[in-house]
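In this note's numbering, the protein residues as written are 4 to 232.
All C-beta atoms, glycine included, are put in the ideal place defined by N, C-alpha and C.
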């Protein structure tokens with residue numbers, strides 16, 4: 004294997020593992036990610052670890068702090084507003100561009116992802132559920148010939164996943180309700196797209212994203228009030 008390709012593959016593997024560990028709470032907000040310790044954990048040099056941390060910084064999951072280095076980014080209302088407002092701007096545009104070009108294979112893919120989400124919801128598998136959620140959205144937008152916007156939205160969905168997992172896992176009895184609502188709304192989105200109703204699908208998508216944003220803001224603000232002496 005080309006050494007450069009091997010190095011990039013190694014960095015990608017470390018990136019995936021660190022991202023998942025942040026999303027599932029193994030590394031909570033504020034946790035310091037020491038390059039030497041991570042290099043020892045993965046049995047690699049610090050170079051691929053550093054590159055993975057830089058990518059996580061670009062995704063908003065990690066911040067570089069003077070005297071501390073890489074630290075898992077804190078959850079914040081400002082970021083929720085930023086991430087979800089960007090999603091509301093970009094995703095309806097992608098959906099509008101994609102719907103006219105979606106074919107039978109695309110809808111079969113959406114149906115399969117929906118079935119997987121139903122299974123993950125029944126099992127209360129937040130990790131799998133979050134990935135399927137992102138995959139479903141990206142599958143809806145796959146035919147839009149807007150590659151830069153698709154790349155940006157993919158990153159925004161990853162950022163959203165962290166907040167969504169925290170929300171669904173923290174609210175007693177409400178996590179499953181939120182997951183079930185998303186499953187229902189995804190089914191409705193797919194049907195609107197199948198019917199070729201571009202305007203209806205885009206309006207529904209905007210409401211879908213806004214509702215999640217409002218739920219997350221309420222929950223984070225509630226948690227912050229509880230944490231205040």
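Might you give, ordered along the chain, the residues of its own chain that have their beta carbon closer than 7 Å to the beta carbon of residue i, omitting 5 neighbours on each side?
i           : result
residue 97  : 144, 147, 149, 152, 153, 156
residue 112 : 142
residue 77  : 32, 33
residue 191 : 207
residue 60  : 66, 67
residue 1   : Given that the chain is displayed from residue 4 to residue 232, the structure contains no residue 1 and the question cannot be resolved.
residue 51  : 10, 13, 14, 17
residue 37  : 72
residue 30  : 24, 36, 75
residue 48  : 42
residue 123 : 131, 132, 135
residue 138 : 116
residue 100 : 147, 148, 149
Would you report the Cα separation of residue i and residue j, rounded to the nearest angstrom?
i           : j           : result
residue 18  : residue 63  : 13 Å
residue 58  : residue 25  : 13 Å
residue 3   : residue 104 : Look at the range of the chain in this structure, 4 to 232, and you will see that residue 3 is not part of it.
residue 185 : residue 220 : 17 Å
residue 183 : residue 212 : 15 Å
residue 46  : residue 158 : 28 Å
residue 107 : residue 53  : 43 Å
residue 86  : residue 162 : 7 Å
residue 181 : residue 216 : 12 Å
residue 27  : residue 202 : 36 Å
residue 5   : residue 223 : A caution first: residue 5 carries a pLDDT of 43, below 50, which makes its placement in the model too unreliable to give a value.
residue 125 : residue 39  : 40 Å
residue 95  : residue 218 : 20 Å
In this structure, how does DSSP classify residue i when only helix, strand and coil are distinguished?
i           : result
residue 76  : coil
residue 84  : helix
residue 47  : coil
residue 36  : strand
residue 146 : coil
Quick one: what's got a C-beta closer than 8 Å to residue i's C-beta in the same chain, skipping five residues either side?
i           : result
residue 119 : 131, 135
residue 114 : 193
Among residues of its own chain, excluding the 5 on either side of residue i, which ones have a beta-carbon nearer than 6 Å to its beta-carbon?
i           : result
residue 188 : 211
residue 35  : 71, 74
residue 90  : 159, 212
residue 55  : 14, 17, 18, 21
Below 8 Å, can you find three or more Cβ-Cβ pairs linking the region 160-169 to the region 71-83? Three or more Cβ pairs closer than 8 Å define a contact, and the region 160-169 meets that threshold against the region 71-83.
With three or more C-beta pairs closer than 8 Å as the rule, is the region 64-71 touching the region 192-209? Segments in contact, no.
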